[in-house]
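Asks: In the working numbering, the protein residues as written are 174 to 652.
All C-beta atoms, glycine included, are put in the ideal place defined by N, C-alpha and C.
If you're wondering where the values come from, they're calculated on a predicted model, not measured in any experiment.
Mind looking over this structure? Questions follow.
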Amino acid sequence: MNIQNYINGNFHNPIQDDWLDNYNPSNGEVYSQIPNSSSEDVENAYIAAKSAFPSWSQTTLDERSRIMLKISELIEANLDRLAEAESKDNGKPIWLAKAVDIPRASSNFRFFGNAITQFASESHESVGQQAINYTLRQPIGVVGCISPWNLPLYLFTWKIAPAIAAGNCVVAKPSEVTPMTAFLLSEICNEAGLPKGVLNIVHGLGTTAGQAIIEHPDIKAISFTGGTATGAHIAKVAAPMFKKLSLELGGKNPNIIFDDCDYEDMLITTIRSSFGNQGQICLCGSRIFVQDTIYEQFKKDFVNVVSKQKVGHPSAPDTKIGALVSKPHLEKVLSYVDIAKAEGGKVLYGGKQIKVEGYENGYYMEPTIIEVQTDECRVNQEEIFGPVVTIMPFTTEDEVLQIANKVKYGLSATLWTNDLKRTMRMTNQLQAGMVWVNTWLMRDLRTPFGGVKDSGVGREGGFEALRFFTEAKNVCIKY
Ligand code: NAD
Numbered sequence: 174m175n176i177q178n179y180i181n182g183n184f185h186n187p188i189q190d191d192w193l194d195n196y197n198p199s200n201g202e203v204y205s206q207i208p209n210s211s212s213e214d215v216e217n218a219y220i221a222a223k224s225a226f227p228s229w230s231q232t233t234l235d236e237r238s239r240i241m242l243k244i245s246e247l248i249e250a251n252l253d254r255l256a257e258a259e260s261k262d263n264g265k266p267i268w269l270a271k272a273v274d275i276p277r278a279s280s281n282f283r284f285f286g287n288a289i290t291q292f293a294s295e296s297h298e299s300v301g302q303q304a305i306n307y308t309l310r311q312p313i314g315v316v317g318c319i320s321p322w323n324l325p326l327y328l329f330t331w332k333i334a335p336a337i338a339a340g341n342c343v344v345a346k347p348s349e350v351t352p353m354t355a356f357l358l359s360e361i362c363n364e365a366g367l368p369k370g371v372l373n374i375v376h377g378l379g380t381t382a383g384q385a386i387i388e389h390p391d392i393k394a395i396s397f398t399g400g401t402a403t404g405a406h407i408a409k410v411a412a413p414m415f416k417k418l419s420l421e422l423g424g425k426n427p428n429i430i431f432d433d434c435d436y437e438d439m440l441i442t443t444i445r446s447s448f449g450n451q452g453q454i455c456l457c458g459s460r461i462f463v464q465d466t467i468y469e470q471f472k473k474d475f476v477n478v479v480s481k482q483k484v485g486h487p488s489a490p491d492t493k494i495g496a497l498v499s500k501p502h503l504e505k506v507l508s509y510v511d512i513a514k515a516e517g518g519k520v521l522y523g524g525k526q527i528k529v530e531g532y533e534n535g536y537y538m539e540p541t542i543i544e545v546q547t548d549e550c551r552v553n554q555e556e557i558f559g560p561v562v563t564i565m566p567f568t569t570e571d572e573v574l575q576i577a578n579k580v581k582y583g584l585s586a587t588l589w590t591n592d593l594k595r596t597m598r599m600t601n602q603l604q605a606g607m608v609w610v611n612t613w614l615m616r617d618l619r620t621p622f623g624g625v626k627d628s629g630v631g632r633e634g635g636f637e638a639l640r641f642f643t644e645a646k647n648v649c650i651k652y
């Protein structure tokens with residue numbers, strides 16, 4: 174099936190009739206073509222968005238909400254089809270797409286469709302000056318949304334939903350590695366009656382189609398999720414045009430385990446936070462620090478449980494770890510195993526590519542545990558973004574706090590302890606946008622989401638996202 178651009182409610186081939194291959198990671202085969210769009214396609218998407226804006230920005234909140242809830246319902250109604258498509262495009266187990274990715278895409282539309290009806294702005298009575306200030310929060314106009322491949326529809330809708338809820342029109346680009354569910358979403362938007370031009374989806378490479386979006390002088394805000402290097406590039410391009418930017422970037426998150434934690438709960442959750450979605454979640458706790466008093470026990474138990482995680486075809490219900498997203502990505506992740514060895518790291522489990530019977534050309538890899546001697550080695554400092562974790566013992570709270578913070582990233586952190594005072598001390602000092610205590614990736618869509626340091630700028634989620642996608646205008650009236 175060929176994927177097409179979605180512009181002004183219609184489906185279009187790329188103007189230059191240039192196409193890219195789309196691979197199925199589970200067997201390494203090309204199974205569809207996607208537009209290799211150029212700046213001309215982006216310009217057409219921009220024109221459609223611009224002409225839809227006056228009407229959409231004046232559409233009542235009730236009506237916007239109604240359409241968004243309809244999109245949410247249709248995503249739910251298409252759960253199986255979307256989950257299968259996501260799995261085929263990305264390599265993740267179908268059960269995971271069914272349990273997480275697609276339901277979450279649906280709830281993104283439901284959440285922001287409801288949230289916009291509750292979004293209010295401030296007023297300030299200037300007491301003694303006989304004046305009142307009130308703040309309007311007006312949509313920006315045409316905004317750009319650019320998303321990565323790891324949670325394709327989930328993260329794509331996480332941006333689009335608040336953008337259109339707030340009254341903007343959107344030019345969006347999903348990752349060229351996983352474009353399929355974004356394409357299916359465009360069909361759903363038409364079925365739900367989303368007016369033409371409110372959402373436009375241009376497919377293609379970051380360096381051409383993506384670049385055309387970020388360079389466009391009249392696309393005044395960019396919400397981007399992806400790698401830190403790409404984020405830095407976008408910031409450089411956008412700064413002279415004073416674009417509003419939300420950058421959700423990479424992470425190298427610590428998972429800190431104290432000996433007073435609920436051990437079983439920690440062990441099961443640590444499997445998920447290490448290898449969920451093949452370790453390709455920006456929030457994965459890929460640096461595991463374990464208190465020395467339970468280190469040997471943890472090492473034994475962790476290796477034991479990890480060895481039982483089945484790597485297999487994404488359609489098999491007992492598959493825990495599916496295929497990595499692409500061949501170059503698999504090669505990159507594998508290269509870190511060699512780097513680890515060269516640096517003196519010890520591979521406690523895994524480290525190799527796997528051939529799954531019947532799917533020998535798929536991009537499978539063993540879940541991998543590397544014991545490191547120092548937190549300063551590359552495998553402990555650089556984002557690998559695959560099924561590879563490092564483990565290392567620590568003795569004191571101060572020591573682990575220092576090593577947890579000694580990376581350039583600051584997206585999330587996980588802490589396992591039952592000591593309340595330690596929890597308060599640690600959560601206050603961990604350099605991260607999000608900290609989980611005795612859990613991982615428990616999400617409430619109202620909470621601020623984002624990172625510090627090289628993990629990004631700005632926050633998404635809840636009203637933070639609606640604030641990002643609006644401009645505040647203060648009006649002062651003297652009476
Ligand atoms: P990437 O930066 O390579 O690509 C992300 C998107 O940006 C893609 O759609 C790509 O086509 C586009 N892009 C690339 N170059 C561009 C350019 N010059 N101009 C405009 N767009 C461009 O990232 P990826 O490999 O797709 O995703 C993996 C990264 O995403 C990891 O670093 C991961 O940590 C990060 N991520 C972060 C979060 C978060 O919330 N912080 C969530 C998921 C993934």
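Under the criterion of a Cβ to heavy atom distance below 7 angstroms, does F285 qualify as lining ligand 1?
Replies: It does not: the Cβ of F285 is nowhere closer than 7 angstroms to a heavy atom of ligand 1.
Asks: Determine the DSSP secondary structure at M597, reduced to helix, strand or coil.
Replies: Helix.
Asks: Would a C-beta distance cut-off of 8 angstroms place D432 and I467 closer than the cut-off?
Replies: Against a cut-off of 8 angstroms, the Cβ pair of I467 and D432 comes out as a contact.
Asks: Nearest to Q575 by alpha carbon, out of E556, L603, W589?
Replies: The shortest C-alpha separation from Q575 is found at L603.
Asks: Provide the residue span of the alpha helix (DSSP H) that contains V476, from first to last.
Replies: Counting along the chain, the alpha helix (DSSP H) containing V476 begins and ends at 465 to 479.
Asks: Is it buried or exposed for V545, if we count other Cβ within 10 angstroms and need 16 for buried?
Replies: By the 10 Å Cβ count, V545 comes out buried.
Asks: So does the stretch 467 to 487 actually touch the stretch 440 to 451, counting three or more Cβ pairs closer than 8 angstroms?
Replies: Enough Cβ pairs lie closer than 8 angstroms, so yes.
Asks: Any idea if F415 is buried or exposed, counting beta-carbon neighbours within 10 angstroms, 16 or more meaning buried?
Replies: Per the 10 Å Cβ criterion, exposed.
Asks: Taking the beta strand (DSSP E) that V529 falls in, what are its first and last residues?
Replies: That run of the beta strand (DSSP E) goes 526 to 529.
Asks: Hey, G624 and G583 are a contact pair by Cβ (cut 8 angstroms); roughly how many whole angstroms apart?
Replies: That pair is a contact at about 5 angstroms.
Asks: Are there any heavy atoms of ligand 1 lying less than 7 angstroms away from the beta-carbon of S212, as far as the coordinates show?
Replies: Not under cutoff, so the answer is no.
Asks: Given this structure, state the Cα-to-Cα distance separating P352 from I207, to the nearest angstrom.
Replies: Taking the straight line from one Cα to the other gives about 8 angstroms.
Asks: Assuming H389 is part of the alpha helix (DSSP H), what are its boundary residues?
Replies: That residue, H389, is in no alpha helix (DSSP H); it is neither H nor E in DSSP.
Asks: For W331, which three-state DSSP category applies?
Replies: In the structure shown, W331 sits in a helix (DSSP, three-state: H, G or I).
Asks: If you count every other CB in all the chains shown that lies within 10 Å of the CB of Q470, and 16 or more means buried, which is it?
Replies: When all chains shown are included, Q470 counts as exposed.
Asks: Taking 7 angstroms as the line, does the beta carbon of H406 fall inside it for any heavy atom of ligand 1?
Replies: Under cutoff, so the answer is yes.
Asks: Would you kindly check if the distance between the Cβ of L247 and the Cβ of A128 is under 8 angstroms?
Replies: The question about residue 128 has no answer here: the residues shown for the chain are numbered 174 through 652.
Asks: Tell me, please, whether the stretch 422 to 437 touches the stretch 313 to 329 by the rule of three or more beta-carbon pairs shorter than 8 angstroms.
Replies: Taking 8 angstroms as the limit for Cβ pairs, the verdict is that the stretch 313 to 329 does not touch the stretch 422 to 437.
Asks: Please report how far the alpha carbon of Q464 lies from the alpha carbon of N601, in whole angstroms.
Replies: The straight-line gap from Cα to Cα measures roughly 20 angstroms.
Asks: Please go through the stretch 497 to 544 and give each complete alpha helix (DSSP H) segment of 4 or more residues, from N-terminal end onward.
Replies: With a minimum length of 4 residues, the continuous alpha helix (DSSP H) runs that stay inside the stretch 497 to 544 are 500 to 515.
Asks: Can you name, in chain order, every residue of its own chain whose Cβ lies under 6 angstroms from the Cβ of S585, other than the five neighbours on each side?
Replies: Correct list, in chain order: N426, L456, A605, M607.
Asks: In chain order, what residues of the same chain have a beta carbon less than 6 angstroms from the beta carbon of T401, not counting five sequence neighbours either side?
Replies: Contacts found: L422, G423, D627.
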